[in-house]
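In terms of full-length UniProt numbering, the sequence shown is residues 1 to 174.
Each remark here refers to the structure printed beneath this line.
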Amino acid sequence: MRIAVSGASGCGNTTVSALLAERLGLPLVNYTFRNIARELGISLSEVLERARTDNHFDKAVDARQLCLAMRSSCVVGSRLAIWLVKDAALKVYLLASLKERVKRVLQREGGDVQDVERFTSMRDAEDMSRYKKLYRIDNTNYSFADLVLNTEGCDQETVVSIIIEMLRARGIAW
């Protein structure tokens, strides 16, 4: 059983995926540009800059993510998880306003409000463009997701509990 969780930066995707995996006793698959940046010893901004002109980064992240996800039951958390993990037992998309997402990124990483807002908006636009170009995926169309949750005003535990209730309602969760 695979559970796919997606959402834009700052929606809670990484935290919710990790908590969900922990609560369900499943491995977490969350291989991202941040992992590549760490592995290469460069900043996330540098990886994003290189990804603008080099499709290798997206392809490497997505191939690694899928390879890890296909090994066993797991929770897959990534921007494209609900699109790429076709056999997911549950596909969850997390939402939050730009203002809320910026607030969360600031809490996590610090920085200047205007800089973080500009960076987050730019990243959203660039992600959308790359996903359309590489995979013909419109990441603003998540209407096929089994569960769409607005995480604004919700703590991560509440979001995870809602997802687990959905799994139980489908006879999936334990």
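Just so it is clear, CB atoms sit at the ideal spot from N, CA and C, and this is done for glycine as well.
Every value quoted in this text rests on a predicted model; they were computed, and no experiment measured them.
As summarised for the segment 53-103, the continuous beta strand (DSSP E) elements at least 3 residues long and confined to that stretch are 74-77 and 90-95, given in chain order. With a cutoff of 8 angstroms on beta-carbon distance, residue 85 and residue 4 are scored as near each other. The C-alpha of residue 6 lies about 17 angstroms from the C-alpha of residue 129. Put simply, of 55, 70 and 46 the residue whose alpha carbon is nearest the alpha carbon of residue 29 is 70. Short of 8 angstroms from the beta carbon of residue 156, and not among the five residues preceding or following it, lie these beta carbons of its own chain, in chain order: 12, 15, 16 and 19. Cβ-Cβ distances below 7 angstroms link residue 124 to 8 in the same chain, with the five nearest sequence neighbours on each side left out; the list follows chain order. Our two residues, residue 72 and residue 132, have alpha carbons roughly 29 angstroms apart in a direct line. Taking residue 170 as reference, the option from 88, 135 and 95 with the minimal CA-CA separation is 88. Check the Cα spacing between residue 48 and each of 41, 25 and 57: the tightest is with 57. Burial is judged here by how many other beta carbons sit within 10 angstroms of a residue's own beta carbon; residue 113 has fewer than 16 and is exposed. Shown here, residue 8 sits in coil according to DSSP, grouped into three states, outside any helix or strand.
In the three-state scheme derived from DSSP, where H, G and I count as helix and E and B as strand, residue 42 is classed as coil. Within a 10 Å sphere around the beta-carbon of residue 167 sit 16 or more other beta-carbons, which makes this residue buried.
Each of 22, 158 and 98 was checked against the Cα of residue 77, and the nearest Cα belongs to 22.
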